[in-house]
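Shown next, in structure tokens, is the structure this report addresses.
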Amino acid sequence: SAVISQKPSRDICQRGTSLTIQCQVDSQVTMMFWYRQQPGQSLTLIATANQGSEATYESGFVIDKFPISRPNLTFSTLTVSNMSPEDSSIYLCSPETPGQEQFFGPGTRLTVL
Amino acid sequence: GNSVTQMEGPVTLSEEAFLTINCTYTATGYPSLFWYVQYPGEGLQLLLKATKADDKGSNKGFEATYRKETTSFHLEKGSVQVSDSAVYFCALKRNDYKLSFGAGTTVTVRA
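Which chain is which? The protein sequence lines are A and B, in order.
Once you know that position 92 of the first sequence is 195 in our numbering, the rest is easy, because the numbers rise by one and skip nothing.
Once you know that position 28 of the second sequence is 1240 in our numbering, the rest is easy, because the numbers rise by one and skip nothing.
Okay, here's the thing in structure tokens:
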């Protein structure tokens, strides 16, 4: 399976600020998925990032709030903009894999005060 | 649309008890089905999978069988240990590679 790393692993931020989360994969992947796990909740897909095109967002998520970059096939970033306490979550990236398995990065645990 | 319905928790068991977590799904076509586990303070790990009807996924003593006729993928383990205490998520993979997750079931195993 691919080795997936995320930075930072955790952060505590003030409301109104922004945080950029990085996801690095040790192999080239076409699609990168970003998920959010709010406290005590399940995972919800935020958006899908393809290299060379705009990310596609799920219902309830918008580009102004969660801009995504995908500069190459091994890297992606998710920014959480103008944060509020409701954005406190674990954010996970998940690269598309050729097999059926779907693996996740270790997650970024964000707390917004 | 595609969705997963998972047994509500929390579930508390004694060691060596039998564990079942029910999972049913609604999907168009034939999705792949997964169970993920999240141990306290850790990330999400793939526990097992099944990609077609009647497939049985198994790992670490856990099993789940893809039942097309009942659209179910129940997770079972015959004898749980304290180390099995975790949150378990049932999920399906759509044709567009996106995952839909169940709500998660918190399992606590007491010595």
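Here a beta-carbon is modelled for each residue, glycine too, at the ideal position from N, C-alpha and C.
Assuming Val1319 of chain B and Gly1221 of chain B form a contact by the criterion Cβ under 8 angstroms, report the distance between their Cβ atoms to the nearest whole angstrom. Counting from one through the second sequence, the residue named residue 1319 of chain B turns up at place 107. Counting from one through the second sequence, the residue named residue 1221 of chain B turns up at place 9. Correct: roughly 7 angstroms between the Cβ atoms.
Taking 7 angstroms as the threshold (beta carbon to beta carbon), is Glu199 of chain A in contact with chain B? Here residue 199 of chain A is taken as the residue at index 96 of the first sequence, counted from 1. Answer yes: the Cβ-Cβ gap between Glu199 of chain A and chain B drops below 7 angstroms somewhere.
By Cβ distance below 6 angstroms, which residues in the same chain neighbour Phe1246 of chain B in space, the five residues on each side in sequence not counted? Within the second sequence, numbered from 1, the residue matching residue 1246 of chain B stands at position 34. If we look at Phe1246 of chain B and ignore the five residues flanking it on each side, its Cβ neighbours are Lys1261, Ala1303.
Over what stretch of residues does the beta strand (DSSP E) that includes Gln1257 of chain B continue unbroken? Along the second sequence, read from residue 1 onward, the residue named residue 1257 of chain B stands at position 45. Gln1257 of chain B -> beta strand (DSSP E) spans 1256–1262.
Cα-Cα separation, Pro174 of chain A to Gln125 of chain A: For the purposes of this step, residue 174 of chain A is identified with residue 71 of the first sequence, where counting begins at 1. For the purposes of this step, residue 125 of chain A is identified with residue 22 of the first sequence, where counting begins at 1. The straight-line gap from Cα to Cα measures roughly 12 angstroms.
Just to confirm, is the Cβ distance from Ser192 of chain A to Thr214 of chain A under 7 angstroms? For the purposes of this step, residue 192 of chain A is taken as the residue at position 89 of the first sequence. For the purposes of this step, residue 214 of chain A is taken as the residue at position 111 of the first sequence. Not in contact: Ser192 of chain A and Thr214 of chain A (Cβ atoms no closer than 7 angstroms).
Backbone CA spacing between Tyr194 of chain A and Thr147 of chain A [nearest angstrom]: Locating residue 194 of chain A in the first sequence gives position 91, where the first residue counts as 1. Locating residue 147 of chain A in the first sequence gives position 44, where the first residue counts as 1. If you take the alpha carbons of Tyr194 of chain A and Thr147 of chain A, they lie about 10 angstroms apart.
Pro128 of chain A and Ile107 of chain A closer than 7 angstroms at C-beta: The sequence position of residue 128 of chain A within the first sequence is 25, counting from 1. The sequence position of residue 107 of chain A within the first sequence is 4, counting from 1. Inspection of the sequence shows that residue 128 of chain A is occupied by Val rather than by Pro. Against a cut-off of 7 angstroms, the Cβ pair of Ile107 of chain A and Val128 of chain A comes out as a contact.
What do you reckon, are the CB atoms on Ser1284 of chain B and Thr1236 of chain B nearer than 7 angstroms? Against the second sequence, residue 1284 of chain B aligns to sequence position 72. Against the second sequence, residue 1236 of chain B aligns to sequence position 24. Contact: yes.
Under 7 angstroms, Cβ to Cβ, is there at least one residue of chain A near Thr1263 of chain B? The sequence position of residue 1263 of chain B within the second sequence is 51, counting from 1. Yes, its Cβ sits closer than 7 angstroms to a Cβ of chain A.
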